[in-house]
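Residue numbers (this note's numbering): 883 to 999.
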C-alpha cells in the first residue's frame, strides 16, 4: 500500500504519491511565459527559486475554473530532480491505497504522470 496526497480539481479527486510531494503552499503571483502551451501558466517565485507552474485541469482537458489564482493551492512536486507545481482547488487528505488501483491521468488526456483516484 502506498500513501497518496488527494486533491480536488472541480468535482474530481486525484492523487499523487506522497513521496513526490515536496510542499503544499498557497498560490501567489504567477508570471506568464509567452509562447508556451495553454496549460503552462508560467513561473512562481518560491523563496527565490522560479518554479514552473502548470494548470493540470487544462493539461488533461478539463474546463479550467480557476478564477482567482490566489484562492488556489499550489502542490510542489519533484521528480528526477525537476521541481514543478500545479494548482488545485483543494488538498483533501492523505490516503493509503495501491497505486495499481489508480488510473494514470495520461489515460484521460494529454498526460502528465499524475495518477487519478
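Backbone N, C-alpha and C define an ideal beta-carbon position, used for all residues, glycine too. It should be emphasised that the depicted structure is a prediction, and the values quoted were computed from it without experimental measurement.
Straight-line spacing of the CA atoms in residue 969 and residue 890 works out to 10 Å.
Sequence-distant partners of residue 976 (beyond 5 residues in either direction) whose C-beta falls short of 8 Å from its own C-beta, in its chain, are 885, 886, 887, 888, 900. In the three-state reduction of the DSSP assignment, residue 884 falls in the strand class, which pools E and B. The beta carbon of residue 931 sits closer than 8 Å to those of 965, all from its chain and outside the five residues before and after it, given in chain order. Contact check for residue 933 against residue 926 passes: the beta carbons are separated by less than 7 Å. The straight-line gap separating the alpha-carbon atoms of residue 904 and residue 960 is approximately 7 Å. Cβ-Cβ distances below 7 Å link residue 974 to 888, 889, 890, 895 in the same chain, with the five nearest sequence neighbours on each side left out; the list follows chain order.
Per DSSP, the unbroken beta strand (DSSP E) holding residue 966 starts and ends at 964 to 970. By alpha-carbon distance to residue 918, the top candidate from 937, 908, 985 is 937.
For residue 932, the uninterrupted beta strand (DSSP E) segment begins and ends at 931 to 936. Residue 967 counts as buried, since no fewer than 16 other beta carbons sit within 10 angstroms of its beta carbon. In the structure shown, the three-state DSSP call for residue 982 is helix.
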